[in-house]
Amino acid sequence: MTIAIAETSCPAPFVLHYEMVRRGSRYYGFITSAVGEDTPTVVHQPLKNGKDELEELMVQQFRRCWDSHPEHHHSMVLYTTSPILRKLLAEQHNLFPGLMLRSVATGPALTATWSSARAALTDSILRFDMQREEHRRMSRKGQRMVVATDASKGTHSPAIGWAAACSDGQLRSGSIHGNSIEEGEFHAVQRAIKNFAAPHLGILDVLTDSLEVYRFINLPHIRQRIDNPCKQATACLTAIDRAQREGIVVNVHWVRGHNGHILNDFADRAAVNARRCTQWKLGQAHSQSLEAGIRSDLRGEVRGVNNPVVLLPDFVGDDAREAKAA
10 MTIAIAETSC PAPFVLHYEM VRRGSRYYGF ITSAVGEDTP TVVHQPLKNG
60 KDELEELMVQ QFRRCWDSHP EHHHSMVLYT TSPILRKLLA EQHNLFPGLM
110 LRSVATGPAL TATWSSARAA LTDSILRFDM QREEHRRMSR KGQRMVVATD
160 ASKGTHSPAI GWAAACSDGQ LRSGSIHGNS IEEGEFHAVQ RAIKNFAAPH
210 LGILDVLTDS LEVYRFINLP HIRQRIDNPC KQATACLTAI DRAQREGIVV
260 NVHWVRGHNG HILNDFADRA AVNARRCTQW KLGQAHSQSL EAGIRSDLRG
310 EVRGVNNPVV LLPDFVGDDA REAKAA
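Mapped onto this note's numbering, the consecutive letters of the sequence shown carry residue numbers 10 to 335.
Pasting the structure below:
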């Protein structure tokens, strides 16, 4: 439908376009406007009343654009994606002499302006999302996470289960084949760092119940005495170095196993489960089902823990040893 109040051979193209996007639990309205060859303008704001509020903002934006371009009042053609705005302007056409309405963008000039306005809005939403992600990353930078690791090895099998139980309820477990329990303990620490040393973290505290792992990582003079460390130990050091190059402080503490520490207990359960499922060939589906049950129990225990530091052991006494400063 076209409503023409005054028409000239070269009316100025005018585009008003909007989009409503949801980010998390909030809605945001984006409005782009463009007149002729002017650079499109994009505005956005959070919406309390959804689409109705966005339609009101479109009316306000139209008025601002109209008032700021009096030179085109005698001949302007408007394409808008707002049906409410089109209806209002059609009903009040006598207030805007020279304005023509289009329900579709046609003609070279209007089509070009529409393309420019739409591209500007798309770019604005992209930049908005990037800024939100950067803000989220920076606001979370410095967070701390505590994760306990453990391994389990049977007497008559090379299968070694490993696990990492995290202060936020995450759980990872699996199995490797090896000759010693230390291989599994090192592998568990390495996997904990690989899985949980995310960019937003400031500090990752890893709890191992293996004194061999603790000493190898924290005491260079002990490490230097070992001519051929296992490949899992080397991979563990590599993971620590990589995380620390990314600005994450990695502390590897020792905590006595089977001594009541909540995360260590869950890591032990998950490691035993992973080892048994591999050793007894119970299948991946069965193993994952049991792991899911352990994870559910873990999340129930750590629910409400707002500061993971409370899950660090008391380093006074013989039941825990703190990481050594580099």
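Note that CB positions come from ideal geometry on N, CA and C, so glycine has one too. Owing to the predicted nature of the structure, the values given are computational and were not obtained by experimental measurement.
Quick one: Cα of H196 to Cα of A244, how far?
Distance between the alpha carbons of H196 and A244: 8 Å.
Let me confirm a value: N316 is counted as buried when at least 16 other C-beta atoms fall within 10 Å, else exposed. Which label applies?
So N316 counts as exposed.
I'd like the ranges of any beta strand (DSSP E) spanning at least 3 consecutive residues and lying wholly in the segment 143-184.
Within the segment 143-184, the complete beta strand (DSSP E) runs of at least 3 residues are 152-162, 168-175.
Excluding the 5 residues flanking H295 on each side, which residues of the same chain have their C-beta closer than 8 Å to its C-beta?
Here the set comprises C286.
Does K290 pass the burial test, meaning 16 or more other C-beta atoms within 10 Å, or should it be called exposed?
Counting Cβ neighbours within 10 Å, K290 comes out exposed, since fewer than 16 surround it.
Consult DSSP for T243 and reduce its assignment to one of helix, strand or coil.
In the structure shown, T243 sits in a helix (DSSP, three-state: H, G or I).
Identify which residue in Q233, T217, V30 has its Cα closest to the Cα of I271.
The option with the nearest alpha carbon to I271 is T217.
According to the Cβ coordinates, are I169 and L213 closer than 9 Å?
In this structure, L213 does not lie closer than 9 Å to I169 by Cβ.
What does DSSP give as the partner residues of S124 in its beta bridges?
Partner(s): none; S124 has no beta bridge.
Among the residues of its own chain, which have a CB less than 6 Å from the CB of R278, if the five just before and after it don't count?
Cβ within range, chain order: I303.
Report the rounded CA-to-CA distance for V86 versus S77, giving the unit in angstroms.
When rounded, the distance between both Cα atoms is 15 Å.
Which of the three DSSP states, helix, strand or coil, is assigned to I190?
DSSP places I190 in helix when its eight states are reduced to three.
Answer yes if the segment 179-198 comes into contact with the segment 134-141, meaning at least three C-beta pairs across the two stretches below 8 Å, and no otherwise.
No, because fewer than three Cβ pairs between the segment 134-141 and the segment 179-198 fall closer than 8 Å, the two stretches do not touch.
Can you tell me the Cα-Cα spacing of E310 and D177, whole angstroms?
Spanning the two alpha carbons is a distance of roughly 10 Å.
Mark I231 as exposed unless 16 or more other C-beta atoms lie within 10 angstroms of its C-beta, in which case mark it buried.
Exposed is the call here.
Report yes or no: do three or more beta-carbon pairs, one from the segment 150-162 and one from the segment 48-59, lie closer than 8 Å?
No: the two stretches stay apart, fewer than three of their Cβ pairs being nearer than 8 Å.
Can you give the Cα-Cα distance for D250 and A301, rounded to whole angstroms?
Cα-Cα distance, rounded: 31 Å.
Just the C-alpha distance for E16 and G45, rounded to the nearest angstrom, thanks.
Note that E16 scores a pLDDT of 42, beneath 50, so its modelled location is shaky; the value from the coordinates is reported in the next line. So the alpha carbons of these two residues sit roughly 16 Å apart.
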